[in-house]
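Visitor: If you read the sequences in order, they're chains W and C. In this text, residue positions in the first sequence follow my numbering: the first is 7, and each later residue adds one. In this text, residue positions in the second sequence follow my numbering: the first is 7, and each later residue adds one. All C-beta atoms, glycine included, are put in the ideal place defined by N, C-alpha and C. The structure displayed is predicted, hence computed values, not measured ones. Okay, handing you the structure first.
2 protein chains.
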Amino acid sequence: MATPAFQFTTKAIIATFGGTLIKLTHDSAVLGCTMGANVFFPPGAFGRSTPKVPVIWYLAGLTCTGDNGAEKGFFNYWAAKHGIAIVYPDTSPRGSNHPGEHDAYDFGSAAGFYLNATKEPWSQNYQMETYITCELPAALYSYFIVLDGSRVSLMGHSMGGHGALTLFLKHPDKYKSTSAFAPIANPSLSPWGEKAFSGYLASKEEWAKHDATELIKAHRGRDLDILITCGLADEFFIAGQLLIDNFVAAAKEVGRENQVTVRYAPDYDHSYYFISSFAQEHVEHAAKHLGAL
Amino acid sequence: MATPAFQFTTKAIIATFGGTLIKLTHDSAVLGCTMGANVFFPPGAFGRSTPKVPVIWYLAGLTCTGDNGAEKGFFNYWAAKHGIAIVYPDTSPRGSNHPGEHDAYDFGSAAGFYLNATKEPWSQNYQMETYITCELPAALYSYFIVLDGSRVSLMGHSMGGHGALTLFLKHPDKYKSTSAFAPIANPSLSPWGEKAFSGYLASKEEWAKHDATELIKAHRGRDLDILITCGLADEFFIAGQLLIDNFVAAAKEVGRENQVTVRYAPDYDHSYYFISSFAQEHVEHAAKHLGAL
C-alpha cells in the first residue's frame, strides 16, 4: 500500500467523558493551508479499527474554531453514551491573508460559510464545501478506520447551522440526517448572508445554490426529518439574521412541512449556554438516524 | 427596612439547562474593587423567594474568572437536576495594579489563592478568604433570598481545589461538604504554593494556616467526607504541584483516612475536559450533604 497522501499531526490526546478527544492539524490541499480539527472518539474507539462508530460533524458559527463546540457544547457527553464520534472542523481557511480577511468577524477568517467561493481572491482557497464534504472526511475515514463513513450526520450552529442545512440538502447521499441550532436559514435575505454571498460569490445567480430556503424548494427524493432549535431571546433571531420561518414556509410550499421540526425555546439566547442545553436532543436526533440510539 | 449596603448589577440573564445563569458585578469593600461573579439558579428558582435552594460554590483555578466553570464545567446540568444553585466567583481582586500584579499567571491577578494576604502591598486588598466566606455570601443570600445560606457546599479546581479544601477546614460550620478536582493539596511544599505563600504572607509561620495538609492534621470535630478526583495524565500532578498523597497521609496520621476519598482517573489531564467528565460525581457528592440528592 502506498503511504497516504494525507497526514495528520496529533497535537493532543485528551481523555474526556470516558472517550478521547484528539486535537489534529493537517495540510489541506483544497484550502492551501494548515488546518486544525478536533475529533471525539467514544469510549473504546480511539486507536482501534473495529467495531466502527458513526460520526457527527459539528459545524461551528462565526468567530469560532473547532474548539468552541468541543469545549462548551456538551456534545461529547451524549456522544459517549451513544457510541458516536464527533468531528469539530474549523470555520475557514487560516493564514491566507487576503486583503481584508481579518478585518470583520462576519467575513473572511472564521467566517467561511461552508461554501466554495467563486469570486477572487476568495475563490483561490475559500473552498469550505469541498473541504468539509470531501477532503477532510476522506482523509479522516482512511486514517482513523474506526470512523464509519457510511453513517454520518451533520449538525451546526448559526453560520454552522446554515452549513448543516445546505450541505445536507446539496449532498443528501453523504449524510443520514442534519439538525441546526439557530441557523442562518435564509442567508440571501439576511445581513450576514448578503455580506457573505456578495463577497464570496461572483454573481447573484449563485446565491440560491447556497441558501437552505431555496435548496429545500429544489430538493427531490428522500425525506428530510430536519430538527431546528432556536431561542426566542436570541438577539440574532430577533434582528432577522436567521429567518427560520422562511425555511419552514419553503418546506410547506413543497409539501415537506412534516419533515421540518422547529422548536422555539423561550428565554434562550444565541450562546453555548443555549447550545449545550439542547445538545442531548440533537445528538439523539442524529443517533436515531445513525442507528445508534 | 434600610437599603442594602451591598448592591449587584445584573449584566446578563441567560437561560441554560432549564435554569438561569446571571452575570453580576458588584463593588467589594473587602477587595476594594468591582468584582464579577456568575450565579446559576436551578429551574424555577430565579426571581423567587421560596422554596429556598442549596448552594454550591465553585472556586476556579489559576488564570480563570467565574466564566470558566460556568461555561465549560457542565455543573449547571447536574445542579439543575438536583435543584441546586451554583456561585462562580472570580479568582482575585481586579484592577488594583500593584507592581508586578499582572506579570505572572501564578501570582497576583487571577491567582488570589483564596487567602487573606498579610504582606504589603497585597494585604491592602488581596483578602479573598474574607470575600469568599463572608462578604460575597452574605450579600448574595440577602439579595437573592431564594439562596439557602444554611445549606452550602464548596468545590474547586487546582488553586480553587486548594481553596475548597482550606476554606472548608478553616470554616467547617459554614459548609456542609467540600470536594476538589486536582487540588494543590500541600502548597507549602509545591512551587505554586511556595511562590504564592512567600508573596502573600508576611512570615513563614503563617503558611500552615493556609495549607490543607496541615489544616487536616489540626482539624477537630466533625467528620469530613472529602472527595478528590485527579487525572493521572495531569501534568501538574506529575510535576509535583498537587501533592495529593501528602494530604491523604496527613488524614491517615490523624485517623481520618476514611474521611478522604481520592479517585485517580487514568489518562485525564488538568483541563475542563477532565473537570466536566467528573462534574456529575462532585455535584452528587455535594447534593448528598445538602439534602438534595
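#1: Put C:H216 into one of helix, strand or coil per three-state DSSP.
#2: Residues of chain C with a CB under 8 Å from the CB of W:F203: which are they?
#3: Looking only at its own chain, which residues have a Cβ that is under 6 Å from the Cβ of C:A292, when we skip the five neighbours before and after it?
#4: Identify the contact partners of W:D73 in chain A, using a Cβ-Cβ distance below 7 Å as the criterion.
#5: Would you list, in chain order, the members of the segment 225-244 of chain W that have their beta-carbon closer than 9 Å to a beta-carbon of chain C?
#6: Are any of the Cβ atoms in chain C nearer than 8 Å to that of W:L27?
#7: Counting contacts by CB-CB distance shorter than 8 Å, is W:T22 in contact with chain C?
#8: By the DSSP assignment, the alpha helix (DSSP H) with W:S282 in it spans what residues?
#9: Could you spell out the range, first to last residue, of the beta strand (DSSP E) harbouring C:S183?
#10: Assuming contact is defined by CB atoms lying nearer than 8 Å, are W:A191 and W:A218 in contact in what I supplied?
#11: For C:F80, which residues in chain W fall below 8 Å Cβ to Cβ?
#12: Among W:K125, W:N264 and W:G246, which residue has its Cα nearest to the Cα of W:N210?
#13: For chain W, check one thing: does any of its Cβ atoms lie closer than 8 Å to the Cβ of C:S277?
#14: Can you pull the chain C residues whose beta carbon is under 7 Å from the beta carbon of W:E77, in chain order?
#15: Could you tell me which residues DSSP puts in a beta bridge with W:T124?
#16: Output the residue ranges of the alpha helix (DSSP H) runs that lie fully inside the segment 182-269 of chain C and measure 4 residues or longer, sorted by chain position.
#17: How long is the line joining the alpha carbons of C:F81 and W:W213, rounded to whole angstroms?
#18: Among the candidates C:H295, C:L221, C:A285 and C:F280, whose CA atom is the shortest distance from the CA of C:V260?
#19: Kindly say whether W:Y274, judged by its beta-carbon, lies nearer than 8 Å to any beta-carbon of chain C.
#20: Quickly, what does DSSP pair C:N44 with across the bridge? List them, please.
#21: Fully enclosed by the segment 130-187 of chain W, which beta strand (DSSP E) runs are 3 residues long or longer?
#22: Would you check if the segment 144-156 of chain W and the segment 52-69 of chain W touch, i.e. whether three or more CB-CB distances between them fall below 8 Å?
#23: In the structure shown, what three-state DSSP assignment does C:Y64 receive?
#24: Would you mind giving the Cβ-Cβ distance between C:I120 and C:L173, rounded to the nearest angstrom? I have them listed as a contact below 8 Å.
#25: Using a 10 Å radius around the Cβ and a threshold of 16 neighbouring Cβ atoms, would you call C:N122 buried or exposed?
#26: From this set, W:A18, W:S283, W:K176 and W:I250, which residue's C-alpha is nearest W:T136's C-alpha?
#27: Relative to the C-alpha of W:R54, which candidate in W:A91, W:H32 and W:G72 has its C-alpha closest?
#28: Roughly how many whole angstroms lie between the Cα atoms of C:T235 and C:R269?
Guide: Quick answer:
#1: helix
#2: Near W:F203 there are no residues of chain C at all, since even the closest Cβ is about 31 Å away, more than 8 Å.
#3: I62, S159 and S183
#4: Given the protein chain composition of this structure (W and C), no chain A is represented.
#5: G237 and A239
#6: yes
#7: yes
#8: Y278 to S283
#9: S183 to F187
#10: yes
#11: F80, Y83 and S282
#12: Per the sequence shown, residue 210 of chain W should be read as Lys rather than Asn. Per the Cα distances, W:K125.
#13: yes
#14: K78 and Y278
#15: Paired residue(s): none; W:T124 is not in a bridge.
#16: 197-206, 218-224, 241-244 and 250-259
#17: 43 Å
#18: C:L221
#19: yes
#20: C:K29 and C:Y94
#21: 153-163 and 183-187
#22: yes
#23: strand
#24: Checking the sequence, you will find Tyr at residue 120 of chain C rather than Ile. Contact flag correct, Cβ pair sits at about 6 Å.
#25: buried
#26: W:K176
#27: W:A91
#28: 5 Å
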